[in-house]
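Step one of this worksheet: look at the structure below.
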Amino acid sequence: MRFRFIAFLPSAALTCLAAAADEAPGIAFLEKHCVECHDADVQKGDLDLTALKFDLMQPLNFLDWARVHDRVKAGEMPPPKKPRPAAGELEDFLGGLRMQLVDADAQRQAVEGRTELRRLNRVEYENSLRDLLKLPALAVKDILPADGEAFGFAKASVALDFSHVQVGRFMEAADVALRAATAPTFDPPPREKVRVLSREMNLLLVQIQQRKALPLVQDKLDPTWKVQSGNFKERQQGWIYDPPPHFDAVGTFMNRTERINGLMARYSGWHYLRVRAYGIRWNFSRVEPGTQPEAVSLYTDEELLGTLEIPANAPTTREMKVWLNAGDRISFSVASAWHHNFNRIVMSRKTGESRFEGNGVVLVGGVDHGAAVGRDVGLVGVAGAGGELPGDRVAELLAPQVTL
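Mind the numbering: the sequence shown is residues 7 to 410 in our numbering, read in order.
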């Protein structure tokens, strides 16, 4: 049965509901089963049906009446302790209200339209694959054609077409992602640990040679080191002479990103990077206690991996767990150093006198790189960088994925 029972409610009075009861069974239902607890005086659940307008073209009002319908249909209202409506009475009320809600929704759709469905843009698609396959560094968005834009956004459905070329590229990107998520071998690769000492890091040796970094022995300037900077015009390479006691740490003051030779990920997966260092202050001729924490950043060729806080004065090991793709190389930078220090000479080439005062970082043990716990989720459940699953389990997981 179709009826316009709520149209009498704006008077917000119980007497109005009663007066209209014979003409509108829906109002009689509300008066009999609902208004006692949901009027202006009681308002259980902050709901006053006598004040609730019936204007279904207004979105919020539509939602209010949709909730009334849903709670009555679910049996939540009237509450279990109250007398239950007769089956026919309940069916008439819900049927009439549902019909009016459907009509109002259709009218609003005809006037305003619906929100259009759209496909994922290429950034969203890449992020979705990263989340689903647990591959945080997966890069597939460049496989997909550039997305269109509308109103300055690449998320508008009107600009995101869906051609056969688009579908083909989506499939190609998915294939790349699945291959990346599948372990390359039945057996987990061995865990490795690589340590590059500060005295072995080319970037620091070059800085020492250019007198922009300091070789240290037990927190003091190495008393025996000698350096010849070379001559670029005459193609002279220069050298560092370090008789005993050999320097065991290097103080650097340059905010410059340099690659650490010898640190490269052999397998894709989670890796640990550790730096042992502390902050100091160089006061023209001697090492003094640092006055502030310093910051060391680590990079691949593509992105910043993270920044470590280095405390002053006490050698401390800091660690980060990062995802590296096979072939990624690691670079290092003292992020807290003043960028003008790039061209500062710490000690004079001619006189050996210091002309610099400022904060820096002492690398004590250098940088460690080790494979972390393997990828514990994904298609085969084994990491490229040191899985923990036994060989038979790896084979069991791989078998359904491989076609020879």
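Glycine is no exception: its CB is placed at the ideal position from the N, C-alpha and C atoms.
Remember, it's a predicted structure, so these values are computed and weren't measured experimentally.
The residue among 180, 192, 162, 188 with its C-alpha nearest the C-alpha of residue 121 is 162. An exposed status is given to residue 299, since fewer than 16 other beta-carbon atoms sit within 10 Å of its beta-carbon. Considering only 117, 338, 114, 153, the residue with the shortest C-alpha distance to residue 129 is 153. By the Cβ criterion, the stretch 255–268 is in contact with the stretch 206–225, since at least three pairs of Cβ atoms, one from each stretch, lie closer than 8 Å.
Measuring C-alpha to C-alpha distances from residue 191 to each of 274, 227, 208, 206 identifies 274 as the nearest. Within the stretch 53–91, the runs of alpha helix (DSSP H) that reach at least 4 residues and sit entirely inside it are, in chain order, 65–79.
For residue 326, the enclosing beta strand (DSSP E) begins and ends at 322–330. Of the candidates 50, 182, 46, 46 places its Cα closest to the Cα of residue 57. Between residue 337 and residue 159, the alpha-carbon positions lie close to 35 Å from each other. The three-state reading of DSSP puts residue 270 in strand, counting E and B together.
In the three-state reduction of the DSSP assignment, residue 234 falls in the strand class, which pools E and B.
The shortest CA-to-CA distance from residue 119 to any of 339, 125, 110, 127 is the one to 110. Counting C-beta pairs closer than 8 Å gives fewer than three between the stretch 139–156 and the stretch 99–107, which falls short of the contact rule. Within the model, the alpha-carbon separation for residue 74 versus residue 53 is close to 10 Å. Out of 97, 88, 89, the CA that lies nearest to the CA of residue 76 is found in 97. Distances from the CA of residue 91 to each of 261, 174, 35 were compared; the closest alpha carbon is that of 35. Excluding residues up to 5 positions away in sequence, 268, 269, 374, 375, 376 lie with their Cβ nearer than 8 Å to the Cβ of residue 200 in the same chain.
Beta-bridge pairing by DSSP links residue 36 to no other residue.
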